[in-house]
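Q: Would you mind keeping the following structure in view while I ask a few things?
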Amino acid sequence: MSEAGKKPVVTLRDRLEDGRVHVMDGAMGTMLYGRGVFLNICYDELNVTRPELVRGVHEAYVRAGTEILETNTFGCNPVKLSSHGLEDRTEELNREAARLAQQAARPRGAHVLGAIGPLGIRIEPWGPTSKEEATEFFARQVIGLLDGGADGLILETFSDLDELQAALRAVRAATDLPAFVQMSFGADGNTSYGTPVEAFAERITSAGADVIGLNCAVGPAAMLETIERLAAVTSLPISALPNAGLPRSVGGRVMYLSSPEYVGRYANRMIEAGVRFVGGCCGTTPDHVRHIRQEVDSERPRVAGPAPGRAKLTLATGREPPPLAERSRLGAKLAGEEFVVTAEVIPPRGWEAESMMETCRQLADAGVDAVHIVDTPRARTHMGVIPAALLVEREVGVETVFHYTCRDRNMLGMESDLLGGAAGGLRNVLVVTGDPPVTGAYPDSTAVFDIDSIGLTNLIARLNQGLDPGGGSIGRPTRFVIGVALSQGVQDLESELHRFYWKVDAGAEFAVTQPVFDPERLLETLDRLKSRDLRIPVVAGLWPLVSLRSAEFLANEVPGVVIPAAVLSRMRNAQESGPEAARQEGLTIALEVFEEIRGAVDGVQVNAPRRGQTSVLELLAAVR
C-alpha cells in the first residue's frame, strides 16, 4: 500500500479529543484468580514469571471489544513490592507489564494505560511518609511503564486526595502523555476519607488530569449517582469503571454477582450522564466488557452528550476551633497557665464499673482537675475507654481525659469513636500510639496501627475545624483539648523530640510525661523543648511506688520508664522494714521529685499503682 493509502495512526490523545465513547477493559485480578492464581502471591510478578497468562487476559479483553487496556501493575510500586522482596525490581516489572499489554493491544489498534494504584501506606499528615517520598515511589513505577511503551497512565482506586496528587506529580514530571485520574467513592459520593466528589474534581482538574473518573468501591447503580454529581462540576472527559456489584462470599470464595447484561445497561446510563470512557473494575470479565461494547455499538448515542453545565462548587472550609479556654474546664486551666492536678484510673477488666466509680469519687473529693481513663494498658483487655469516660462523667461529675490508642483501630473506626465521644460530651483526649499486642495477654493478636499518634492528632485537629480527613464537613466542629505523650526516658531522646515536634505541629495542646523518677532527665528534656520553641503545657507523671517489686517491674518491663539505681536502692532498703515502710518511701520519693520539677512543669498526673490508692490520695493532698 502506498504511503498516501495508509490508514492514519490513531493516538490515545486522538481518542480523548474525538468526542466519542470508548471502551476500557475489566478486572485483571478477578481473571487471574479465576485462572487458578492464589491470592498469596505477587500478581505483579506474573508479568515475568507467567507472561503468557497475563497476555492471555489482555487478549481476551481486546477480543471482547476493549479499546484501552490497563497494565497488570496496580500494586507494582516499591512499597507494596517490598512485602514480597521485589522492591528492587520495580522498574523491570512495570516495563515488562507494559510490553505485555502492548503485544495484545497493537495488533487490534488498542491502546495501553499504565496502571498505578495507592502505595498501601498512609502519607502525611496521617502517616510518616512525606508527600515528596510518595512522589518518588510513584516516579519509579512511572519510569518503568513509560520504558515499556505505555500510551498513557491511569491512577486508580485512590482514597487519599493528597496521595493521588503525589502520584499525578510523578506522572507530570515524567511525561505529557494522557493521564486518567480516578478515585473510589462510596454510595454517598464521598471517599473513605470523606472527600466529596466535587472536591476531587476541583483539585485534580487544576493539577493536570486529562480524564477524571471513578472506579471500584461500588456497583453501577451507586456509581451512576456520583457520576451525575461529577459531570455537573467538570468539563474534562469522564471515565467510569464500576465493580460488578458488591462482593459476596459464596462457598468460601469472593464473588461479584452483577450480570454482564446489568453492567451493560448501566454503562449506557452512564454514557447518557456524560461518561466518555467506560469499563469495569473488580468482578468484571470479558463478558461484562462485551455487553458494554454492545451498548456503545448499538443505536443508542455513541457520542457523549454535552456537559450539563458546570455547577458552582460549595466545598467545606475549616473553621477556627473554639478557644482552648472554652472547650473544657481542663482547657481553661491550661489556657490560664494554672497548675493542673490530675490522676489516672484504669477501667475494670469486666463490665461492672462500681469499683472504678468509687475510685473516681475519691479522686474528685481529693480535688483533681480531671481523671485520666487509660486505654487497654499494656495491651490487655479492659472496658472500652470512651464508655468508661462517659460513665465517670455522668455518674461522678468529674471531668475526664480519655486516652486513645492507635493500636486496635483503623482510621475509620477512630473517627467514628471520636465523633461518638464528642456527642456524649467528652472534651479531653490524650493520644498515644499504644503498646504492641505482644506485651499483652493475647500476643498472637493483630495490631492495626493504621495511623500513629501524629496522624491521629492531625485527625482530631481536623475534627476541631469541622472537617473529616478528606476535607468534607462534619457539621459543627468538635471541641477536643488534644494531649499527647512525652517519653523523657527513652534512649534515643533526639528521635523522641523529633516526633514531639510533629505532634505539636499537628495540633497537640498539652503533653503528659512518663512517670518521673529522674528529675534531671526531665528538666534536660524540657530545656531542649524550650530551645526548639516547642513549649506547650507539660504535665509530669508522678508514680508513688508501693513496693520494691513494683519498682523493679517498672524499671525492667515498662517501656520508656527509667528508675535510677539510687531509687531502687532506697526501695530495697525500705522493703526490709516491711510493706508499709516501702510504701512510705515510695511516697517520699514522689514528693521529692515533685519539689524538684514543680517550677518547670504545668501540672502533675498521679499514676495509678496497683493497690496504691492510699498513696495516690496522700500524694494528691500534698501536691494540691
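Be aware that the sequence shown starts at -13, since it is given in the numbering used here, and climbs by one per residue.
Note that the Cβ used here is the ideal one computed from N, Cα and C, for glycine as well.
#1: Looking at Gly469 and Asn414, is the spacing between their C-beta atoms short of 8 Å?
#2: So what does Gly469 bridge to, in DSSP terms?
#3: Measure the Cβ-Cβ separation of Glu45 and Ala90 and say whether it is below 8 Å.
#4: Would you kindly work out how many angstroms separate the C-alpha atoms of Arg251 and Pro308, rounded to a whole number?
#5: For Ala125, which residues from the same chain have a beta carbon less than 8 Å from its beta carbon, with the 5 sequence-adjacent residues on both sides left out?
#6: So for Gln151, helix, strand or coil by DSSP?
#7: Taking contact to mean at least 3 C-beta pairs separated by less than 8 Å, is the stretch 397 to 407 in contact with the stretch 442 to 456?
#8: Over the uninterrupted alpha helix (DSSP H) stretch that includes Asn444, give me the two end residues.
#9: Going by C-alpha distance, which of Gly260, Glu82, Ala226, Tyr179 is nearest Ala217?
#10: Since Leu55 and Val48 should fall inside the 8 Å C-beta cutoff, what is the C-beta to C-beta distance between them, to a whole number of angstroms?
#11: Taking just the CA atoms, how far does Thr181 sit from Gly231?
#12: Determine, using beta carbons only, whether Ala120 and Ala152 come nearer to each other than 8 Å.
#13: Measure from the alpha carbon of Gly410 to the alpha carbon of each residue in Cys62, Glu385, Phe580, Arg521, then state which is nearest.
#14: Between Gly407 and Ile372, is the Cβ-Cβ spacing less than 8 Å?
#15: To the nearest angstrom, how far is the alpha carbon of Ala173 from that of Gly138?
#16: Do Leu222 and Ala195 have their beta-carbon atoms positioned less than 8 Å apart in this structure?
#17: Just grab the DSSP bridge partners of Ile359 for me.
#18: Between the Cα of Thr59 and those of Glu78, Val609, Val23, spot the shortest distance and give me the residue it belongs to.
#19: For Leu(-2), which residues in the same chain have their Cβ closer than 6 Å to its Cβ, ignoring the five residues on either side in sequence?
#20: So what does DSSP say about Asn80, is it helix, strand or coil?
#21: What residues are listed by DSSP as bridge partners for Ile140?
#22: For the pair the stretch 196 to 216 and the stretch 484 to 501, tell me if three or more CB-CB distances fall below 8 Å.
#23: DSSP beta-bridge partners for Glu56?
#24: Keeping to the same chain, check which residues put their C-beta closer than 6 Å to that of Val128; ignore five residues upstream and five downstream.
#25: From the DSSP output, read off the bridge partner residues of Ser225.
#26: Can the beta-carbon of Gly12 be found closer than 8 Å to that of Pro272?
#27: Does the stretch 9 to 26 come within contact of the stretch 66 to 83, defined as at least 3 CB pairs closer than 8 Å?
A: Result, derived from the coordinates:
#1: yes
#2: Leu416, Phe496
#3: yes
#4: 51 Å
#5: Ala156, Ala159, Ala160
#6: helix
#7: yes
#8: 439 to 449
#9: Gly260
#10: 7 Å
#11: 22 Å
#12: yes
#13: Glu385
#14: yes
#15: 29 Å
#16: yes
#17: Val331, Phe388
#18: Glu78
#19: His97, Asp137, Gly138, Pro164
#20: helix
#21: Ala101, Phe166
#22: no
#23: Leu99
#24: Ala156, Val157, Ala160
#25: Gly199, Phe263
#26: yes
#27: no
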